[in-house]
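Asks: As numbered in mature numbering (1 follows the signal peptide of the UniProt record, and there is no 0), residues -17 to -1, 1 to 951 make up the sequence shown, in order.
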Amino acid sequence: MSLLLLLLLPFVGSAVAALLPTGARNIESTWAALVALAVAVPLALLYPDVRDAGVVSERLVWLPSLGLDLVVRLDGFAWMFAMLVAGMGVLVVMYARYYLSPEDPAARFYSLLLGFMGAMLGVVVSGNLLQLVLFWELTSVFSFLLIGYWHHRQDARRGARMAFTVTATGGLALLAGVLLLGHIVGSYELDAVLKAGDVVRGHALYPAALVLVLLGALTKSAQFPFHFWLPHAMAAPTPVSAYLHSATMVKAGVFLLARLWPVLAGTDEWFWIVGGAGLVTLLLGAYAAMFQNDLKGLLAYSTISHLGLITLLLGLNSPLAAVAAVFHMMNHATFKASLFMSVGIIDHETGSRDMRRLDGLFRSMPITGTLAIVACGAMAGVPLLNGFLSKEMFFAETVFISAHPWVEFGLPLAATLAGVFAVVYSLRFGHDVFFGPPAQGLPRQAHEPVHWMRVPVELLVLACVVVGSAPAWSVGPVLAVAAAPVVGSTLPAYSLAVWHGFNTPLLMSLVALAGGIVIYRRFAARFKARALRSTPLIHRLDGKRLFERALALATALARRGLRLASTRRLQPQLLWMLVIAGATALGSALVVPLAWGDRARVPVTPEFVLLWLIGGAAAVGAAWQAKFHRLAALAMLSVTGLVMCLTFAWFSAPDLALTQLAVEVVTTVLFLLGLRWLPRRREQDDPRTRRRAQWRRGRDFVLALLVGAGLAALSYAMLTRQAPQSISPFFIEQALPKGGGTNVVNVMLVDFRGFDTLGEITVLGIVGLTVYALLRRFRPPREVIGRPPQQRVVPEGEQSDLPDRPDTSDAATGYLLVPAVLVQLLLPVAGVFAFHLFMRGHNEPGGGFVAGLVMAIAFIAQYMVGGTRWVEDRMPLQPPRWIAIGLLIALATGAGALVVGHPFLTTHTAHVTLPGIGLIHLPTAALFDLGVFAVVLGSTLLLLTSLAHQSLRVRRKPANTSAAGEAR
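1) What does DSSP give as the partner residue(s) for D277 in the beta ladder?
2) Report the option in E252, F418 and I840 whose CA atom is closest to the CA atom of G185.
3) Can you give me the Cβ contacts of F207 inside the same chain, cut-off strictly under 7 Å, excluding the 5 residues immediately before and after it?
4) Taking C-beta to C-beta, are I866 and S922 nearer than 9 Å?
5) Indicate whether A146 and L163 have their beta-carbon atoms separated by less than 9 Å.
6) Check whether the Cβ of F207 lies closer than 9 Å to any Cβ atom in chain B.
7) Under a three-way DSSP split, which group does V(-6) fall into?
8) Compute the Euclidean distance between the alpha carbons of S409 and A241, then round it to the nearest angstrom.
9) Cutting at 6 Å between CB atoms, please list the residues of its own chain near T5, excluding the five before and the five after it.
10) Do the CB positions of E590 and L625 come within less than 9 Å of each other?
11) Flag this pair as touching only if the segment 385 to 394 and the segment 463 to 475 have three or more C-beta atom pairs under 8 Å; answer yes or no.
12) Tell whether a beta-carbon distance below 9 Å holds between D97 and P(-8).
13) Determine the DSSP secondary structure at D174, reduced to helix, strand or coil.
14) Based on the DSSP secondary-structure assignment, which residues constitute the bridge partners of P906?
15) Considering only the alpha carbon of each residue, which of W119, I130, L547 and A139 lies closest to G153?
16) Taking only runs of the alpha helix (DSSP H) that begin and end inside the segment 444 to 496, which ones reach a length of at least 4 residues, in chain order?
17) Just the Cα atoms here: how many angstroms apart are M312 and A283?
18) Could you pull the start and end residues of the beta strand (DSSP E) that E827 belongs to?
19) Can you tell me where the beta strand (DSSP E) holding L51 begins and where it ends?
20) Across the segment 880 to 897 and the segment 804 to 811, are there enough close Cβ pairs to call them in contact, namely three or more that are closer than 8 Å?
21) Hey, V470 and V306: beta-carbon distance below 9 Å or not?
22) Could you work out which residue in Y171, V257 and L188 is closest to G199 when comparing CA atoms only?
23) Quick check: the segment 335 to 353 against the segment 415 to 427, are at least 3 beta-carbon pairs closer than 8 Å?
24) Once you ignore the five residues that flank P309 on each side, which residues in its own chain have a CB closer than 8 Å to its CB?
25) Per the contact definition of three or more C-beta pairs closer than 8 Å, is the segment 229 to 241 in contact with the segment 311 to 326?
26) Tell me, please, which residues DSSP counts as bridged to N111.
27) H904 to L702, Cα distance in whole Å?
28) Helix, strand or coil for G580? Go by DSSP, reduced to three states.
29) Measuring alpha carbon to alpha carbon, tell me which residue in D138, G131 and S123 is nearest L155.
30) Please go through the segment 640 to 709 and give each complete alpha helix (DSSP H) segment of 4 or more residues, from N-terminal end onward.
31) Are the beta-carbon atoms belonging to G598 and V622 less than 9 Å from one another?
32) I'd like to know whether the C-beta atoms of G499 and V403 end up nearer to each other than 9 Å.
33) Which residues does DSSP pair with S39 in a beta bridge?
34) How about G835 and V728: are their beta carbons less than 9 Å apart?
35) Is the segment 174 to 183 touching the segment 286 to 297 in the sense that three or more CB pairs, one from each, lie closer than 8 Å?
36) Would you tell me roughly how many angstroms separate the C-alpha atoms of Q554 and A606, rounded to the nearest one?
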């Protein structure tokens, strides 16, 4: 099966899951499980292809000149992690079917879970570093939504915000680091980067790239000092914790460290930063876990500790330590996911996770208790379980390290101390919960869950036992395949035997087990004391408090800066925008002097000079009339726009002229609708106020002259220079053979620069929807609307949010009926003209953009003469659907090229002979242009009708309506 399809499958499954009926839990869970299986099974079948240092890759060409292709790359390490993501996803989906309450929106849960699976798979199999960063940020987005799944809970909302803020900020740092790596190597391709380790480590930018990449990795894997977000993410449902916070998302950081280990490791900077962060996190997480009374809190801090262990191993600059890190990634996922699921079962069947209330559950839940105790043994490093093997390899690496003397002495002691802490918190979980007197006063009577809810736990615990008892047979080949790409060379010699004789690592394991048991027995009562509400010694180092204070400080500073530098009035905003832009341009002109070029000048013609004298006079008149009569100013402004249209036509740019003309009409309508919201002006009696207004108008006049003269000078300088290498001949020559059209402008928009156009129509659709969302719930106060217009006078320079009351008299209604008939007759004519512009656009002036504007103008005319309600009742256009349909058509056109093996949005032209018509050319770009037409039509209608609804918000009163009835 294609790797690209495997990567796409979870996202398709996520979209389908979101559309499933909310109450059908069996259908939703079955669909999610089938999608996860459809990913896991083909991945498992790819094992022979990656077994002998093989690499499976696929490439989708996108922007090869910029090194931006969609590359899917699967080697042994990526295969192991992908199997972890997909296989654990199957188990979590099965478990969630019985964990979620019937009241929970399961469709949303499985949709988000599958979306996260796709994002995590994208991180694992990305063969391009920029592509990896994209999926990296997607994991942050989906984890935010999953942590906040129970959005009615405040702790879930806060935990989701904290996790997203920390990990997404780290993702931005990672992006900067990846850009530096690409600059150093000269490519963003993962294969090229992995082969350039010596070049990267020897480059002057290596320290900066290292720090930025590590910020991304350490924040994602909750390493010190960014560890505080993970315990607060436990507000998520337990299946989310089992999947994201033990097996997948939090391991994305250590995955990246291992993925780039051949490139970035091997230096002192790597050793001290990565190793130091890992060591502190290992000890801090294990110590804090001992004092947690919430079961998920205990597992959260233990997860932080084990991630610190993996990070420390990767930071030791030893190939054997890297192998041990990969091994512990696999082992930790199995026993920690099983423990999270066990906690979910306990919470589901007893109604509590508080260890101070839970006792003696083994009597009522013997099977669950046995499974959880075995998983706790693996977490503590008990022999014959998988956690013991990787932890013993960790101990061996700390013993045989070659470094500074105090590191050689202190590192084994720290590792042993962390092992002692691990035994203590494992005993707290296993002994305090399942042994002792029966618990009293639980919300629910404890009992075993349904068997299928326990099956994922049983499979994971079985894996812990099998790997711990027969490691060479069960996991040896997989570990060798996964570790080889990390080491980047020949694997070091290592043994997965259960017994290596009496040696220092075994002694450290025994000391950790014995020390943990002694400490637990000595302080068991204090650990479980109800009065123990904080972690001793480090309770003041509360990361959550520091984060919230920093967030509050940043918010306060932002608000203060906003008050100082911003205003709600439009005029000062425009003033500062022009001043800053002008100052920037002036500074640039001082650095690079503005000089005219030697290009031949076009002779001046009297007609063109007269045209622009008219346009300039209209512009000055618009500025002057704005003081007295805004409608007259708008009319003169339209004359200036018409002069611009004629200028485009004068210089042989009919496409621009036609589009500009349509835009002018739409803009004029927009201004007409907006005039209602502008305040009325009155002359000021106060001389000082009058002088202030005159000074303000004079200032604006001078600023307008300076900015206009500067832009004119800049335009003249650019137009008189010789272009060093013109690109116009290429487009003129290739428009017909490669784009299938003779209209070069339209071919550029829908083919050569089609991706730019796709982005532009997407932005246009977003703007339309945003304006609609802002205005659709706005209602002017009734008592304000009822006032006579002459009472709502606002001084000049101020703004008002209050509309004038529209004329609701019968005379006005009758007056509108006459032009309405004529405008309705123009609608089919405008439709035919828009169709004509659309069909001729690929070879003659026209196209989907101007056709959409013309059609929008026709519909707006209907709204203006008949009212929004009149038109909606007879012609429900539903502009948001036009936007959605247009974007889907444009995307489908681009995806169609991908299906046949061509780059995105590649145009193909078919030649078809139709009876009675003859030979016609049907370019696929016309379909893309159809999408442009739909988006432009929908967005324009949505923008203008949103404003029109506000202007026509007061309904016309029927003739027989009484004043009392209107008041009601």
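Note that beta-carbon positions come from the ideal geometry of N, C-alpha and C, so glycine has one too.
Replies: With the given structure in hand:
1) D337
2) E252
3) A260, V263, T264 and L267
4) yes
5) no
6) Judged by its chain identifiers, the structure shown contains no chain B, having just a single protein chain.
7) helix
8) 28 Å
9) P88 and A90
10) no
11) no
12) According to the sequence shown, residue 97 is Leu rather than Asp. Yes, Cβ-Cβ distance for L97 and P(-8) is below 9 Å.
13) helix
14) T892
15) W119
16) 454 to 457 and 459 to 470
17) 16 Å
18) Counting along the chain, E827 falls outside any beta strand (DSSP E), and DSSP gives it neither H nor E.
19) L51 to L57
20) no
21) yes
22) V257
23) yes
24) Residue 309 is actually Val in this sequence, not Pro. Contacts found: F60, M63, A241, L462, A465, A466 and V469.
25) yes
26) E172
27) 37 Å
28) coil
29) S123
30) 670 to 702
31) yes
32) yes
33) It is worth fixing the name first, because residue 39 is Val in this sequence and not Ser. The partner list for V39 (beta bridge, DSSP) reads L57.
34) no
35) no
36) 14 Å
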